[in-house]
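Right, one structure below, let's go through it.
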Amino acid sequence: MLDFNTDKLINTLRERVGDFTAGASIYSSGKVSRVADGVVKVDNLPGRCSGELLQFGEESWGIALDLEENGVGAVLLTQSGNVSVGDTVSGTGHPVDVPVSEEVIGRILSPIGVPLDGNSFSAKKYAPMEKPAPSIISRRPVDTPLETGILAIDSMIPIGRGQRELIIGDRQTGKTTIAVDTIINQKGKGVICVYCAIGQKASTVAKVAHDLTAAGAMDYTTIIVATASDMPAMQYLAPYAACSIAEEFMSQGKDVLVVYDDLSKHAVAYRTISLLLHRPPGREAYPGDVFYLHSRLLERSACLSHANGGGSITALPIIETVGGNISAYIPTNVISITDGQLYLETELFNSGIRPAVNTGLSVSRVGRAAQYKAMQKVSGLIRIELAQYKEMAVFARFGSDADSVTKRILERGECLMTLLKQPAGSPYSLSEEVILLLAYRENIFDGIPADSMIAAREEIMEYVKDNAGGLLSQIAKTGDMTSDTEDELASVLEKWKKSKHWL
Amino acid sequence: MMEKAQLFVPIGTSRENVSFICRSFEEKLGKKLDFTVSESDGILGGFIANIDKRTYDNSVSAKLSQMKKHLLKK
């Protein structure tokens, strides 16, 4: 039985009806002259602006993309079954917008705010999807780390808050896993996360949502979804909707992480729309403004100055390559826009090195400014050592006798490669990463057989937490490590090593 | 040359009412209009006029939509 106050309901209705006056609606209107593949040609709809939300009857919506002298070319946001030739079209007078208030956190929504997680939804505030990027003067340099919890990335390719770091690789190389692990690692760090799924399978998005829910990450995450079965216009809008949500929180002085998964499918959706609107195709049939499609999106990620609230948006766009070709059109476009890339290789993935990050081709243009001081102190040389190991490993395959220096490089390199392997869904904290790299630097892992390395890694972390927990808390709190702390930790690690049977 | 216009009215609307609507528009807009009048079973009451790329929707359906939005607004 419904439990509500009847009198209150009647009074509310009486009040609302009482102050209602009906008048004629007067609006500019046009007529649909052609509908095909989600693209609508509307005759005689003057005064529209680009990107304006159009209404087709009661239930269908579209956006005006092509403004012509005698009409408008629009793309439908919903399936075209309800739109026929001759239907009246009216403009709403405003661009398409997205809900951006606090209510979006923890929800799975479509780009236009339709809830997809089975619960009702209403928002207090809406914002347009397209907005200009922050000006140069309103920004400040990136100086605060955004920890991914992935040792290989935090140590050698550090990401800062406000940076755009591209995740690029072939299919099934762990791109989404890195992004999801990064989101999971933001728990308790005050970073709001937005995961934007563009053109993905619904089952894939469901898995991501499940993983985030299981890790407790949905308490600070919003998922914006335009699956592969949604209209190309919806897939086109999805990343801009996600960015608008992120900008709202950034304007409140908060740090936000946005994942765009993936922009390759976004470019394909935009190509579909452009070709159907008869825009001239360019290279690989993409329209001429496909660079601008991504540049205007990614430029909205910024680190604002303290005078402007100090908030930031860190973007992790994902690009899928084919055959490892990072010189293709869309990958090179996005590489030139972002502040670095994480290049994932299929060969590394298949040989068990996961995350499959090619540290030689990956870069972070922000660099050490986006690393905690404690991490800077222990990660200094590992990139060089890894590069030396890979070079030597090529010769070791020929089976020739190696001198002691080369053998040492090979042993240390194998140890480091094993250390950098990390299971999915298991991000490390800063102090755990510092322990592991300090142990490596102090040669604690020397002599440990390769098949015992994983167990040794876990044991070391437990041992140090039990015996030097105070020091680790200090590192976690300050992000730095004094030389006394370093020496103390080194001696704890030595004690662990002496207590082990493989010495 | 008179500007063309369309008028959609409910089935059974009297000629007097149709003339009144046409004359009212001509007075309001200050120009002669050549109306094409159509009776539509999709309109229960009121009328819809399309004149010079603008739609003047005075139908019952439009008013009900307005009322719905008004009742549901927060």
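So the protein lines, in turn, are chains A and B. With this note's numbering applied, the first sequence covers 1182 to 1684. With this note's numbering applied, the second sequence covers 5 to 78. Think of the CB as a built atom: it goes at the ideal place given N, C-alpha and C, for glycine as much as any other residue.
Just tell me which of the options has its CA closest to the CA of residue i.
i, options, result
"A:G1541", "A:L1194, A:L1525, A:S1680", "A:L1525"
"B:T59", "A:G1243, A:K1212, A:G1219", "A:K1212"
"A:T1363", "A:A1398, A:A1631, A:G1380", "A:A1398"
"A:K1435", "A:M1662, A:S1610, A:L1611, A:S1493", "A:S1493"
"A:I1373", "A:T1519, A:P1512, A:V1440", "A:V1440"
"A:S1543", "A:G1350, A:E1328, A:T1187", "A:G1350"
"A:L1562", "A:S1664, A:G1660, A:S1336, A:F1472", "A:S1336"
"A:E1614", "A:M1573, A:Q1552, A:Q1569", "A:Q1552"
"A:L1601", "A:E1643, A:E1239, A:V1216, A:A1631", "A:A1631"
"B:S65", "A:S1206, A:S1214, A:V1547", "A:S1206"
"A:N1225", "A:D1247, A:K1588, A:A1217", "A:D1247"
"A:D1268", "B:L76, B:N54, B:Q70", "B:N54"
"A:V1279", "A:V1295, A:S1654, A:V1266", "A:V1295"
"A:K1370", "A:S1664, A:L1327, A:R1535", "A:L1327"
"A:I1338", "A:D1520, A:A1423, A:T1259, A:I1635", "A:D1520"
"A:A1395", "A:G1606, A:V1503, A:S1476, A:V1645", "A:G1606"
"A:I1454", "A:M1412, A:G1272, A:E1640, A:S1445", "A:M1412"
"A:L1474", "A:M1310, A:P1608, A:S1291, A:S1210", "A:M1310"
"A:E1667", "A:L1652, A:G1262, A:K1679, A:N1531", "A:L1652"
"A:I1518", "A:S1633, A:S1291, A:A1483, A:K1678", "A:A1483"
"A:L1418", "A:G1380, A:S1432, A:S1316", "A:G1380"
"A:K1368", "A:T1663, A:Y1609, A:M1634", "A:Y1609"
"A:Q1260", "A:V1270, A:E1250, A:A1245, A:V1221", "A:V1221"
"A:N1165", "A:G1650, A:L1597, A:Y1644, A:K1306", "Residue numbering for chain A in the displayed model covers 1182 to 1684; residue 1165 of chain A lies beyond these limits and cannot be assessed."
Using a Cβ cut-off of 8 Å, pull out every chain B residue sitting near residue i, in sequence order please.
i, result
"A:A1203", "K67, Q70, M71"
"A:R1195", "Under the 8 Å cutoff, chain B gives no residues; its nearest Cβ is about 11 Å from A:R1195."
Going by DSSP in three states, residue i sits in which element: helix, strand or coil?
i, result
"A:Q1344", "coil"
"A:M1421", "For the record, residue 1421 of chain A in the displayed sequence is Tyr; it is not Met. If DSSP states are grouped into helix, strand and coil, A:Y1421 belongs with the helices."
"A:L1684", "Only weak support is given to the placement of A:L1684: the predicted model assigns it a pLDDT of 48, under 50, and the question is left unresolved by the model."
"A:P1498", "strand"
"A:S1508", "coil"
"A:I1656", "helix"
"A:Q1416", "helix"
"A:S1241", "strand"
"A:V1221", "strand"
"A:T1513", "helix"
"A:Y1208", "strand"
"A:I1405", "strand"
"B:S63", "coil"
"A:D1411", "coil"
"A:G1252", "strand"
"B:A53", "strand"
"A:E1311", "coil"
"A:Y1609", "coil"
"B:V22", "helix"
"A:I1629", "coil"
"A:D1247", "strand"
"B:A9", "strand"
"A:D1324", "coil"
"A:F1530", "helix"
"A:E1196", "helix"
"B:F29", "helix"
"A:S1231", "coil"
Which residues in chain A have a C-beta closer than 8 Å to the C-beta of residue i? List them in chain order.
i, result
"B:T59", "S1206, I1207, Y1208, S1209, S1210, T1269, S1271"
"B:L11", "Correct list: empty, because the minimum Cβ distance to chain A is about 13 Å."
Which bits of chain A does residue i rub up against, with CB to CB less than 7 Å?
i, result
"B:N62", "A1205"
Which chain A residues are close to residue i, counting only those with a beta carbon under 9 Å from its beta carbon?
i, result
"B:N21", "Per Cβ cutoff of 9 Å: no residues; B:N21 is ~16 Å from chain A at best."
"B:L48", "What B:L48 touches in chain A: nothing, since even the nearest Cβ is about 14 Å away."
Every unbroken beta strand (DSSP E) inside the segment 1423 to 1491 of chain A [3 residues or more]: Counting only runs that start and end inside the segment 1423 to 1491 of chain A, the beta strand (DSSP E) elements of at least 3 residues fall at 1436 to 1442.
When Cβ atoms are compared, which residues of the segment 1268 to 1300 of chain A fall closer than 8 Å to chain B? Listed by position along the chain: T1269, S1271.
Contacting positions in the segment 1301 to 1321 of chain A - beta carbon closer than 9 Å to chain B: Along the segment 1301 to 1321 of chain A, the positions whose C-beta sits under 9 Å from a C-beta of chain B are S1303, K1305, read in chain order.
Continuous beta strand (DSSP E) assignments of at least 3 residues falling wholly in the segment 1263 to 1303 of chain A: Counting only runs of 3 or more, we get 1269 to 1276, 1278 to 1280.
Could you tell me which whole alpha helix (DSSP H) segments of length 4 or greater appear in the segment 1541 to 1584 of chain A? You should have 1554 to 1559, 1563 to 1577.
Closer than 7 Å, Cβ to any Cβ of chain B: which residues of the segment 1220 to 1240 of chain A, in chain order? Those residues of the segment 1220 to 1240 of chain A that come within reach of chain B (Cβ to Cβ, closer than 7 Å) are N1225, P1227.
Which runs of the beta strand (DSSP E), 3 residues or longer, sit entirely within the segment 1337 to 1389 of chain A? If only complete runs of 3 or more residues are kept, the segment 1337 to 1389 of chain A shows the beta strand (DSSP E) at 1347 to 1350, 1372 to 1379, in order along the chain.
To be precise: take each residue of the segment 31 to 45 of chain B, compare its Cβ to all Cβ atoms of chain A, and keep it if any distance is under 8 Å. Which residues remain? Answer in chain order: no residues at all.
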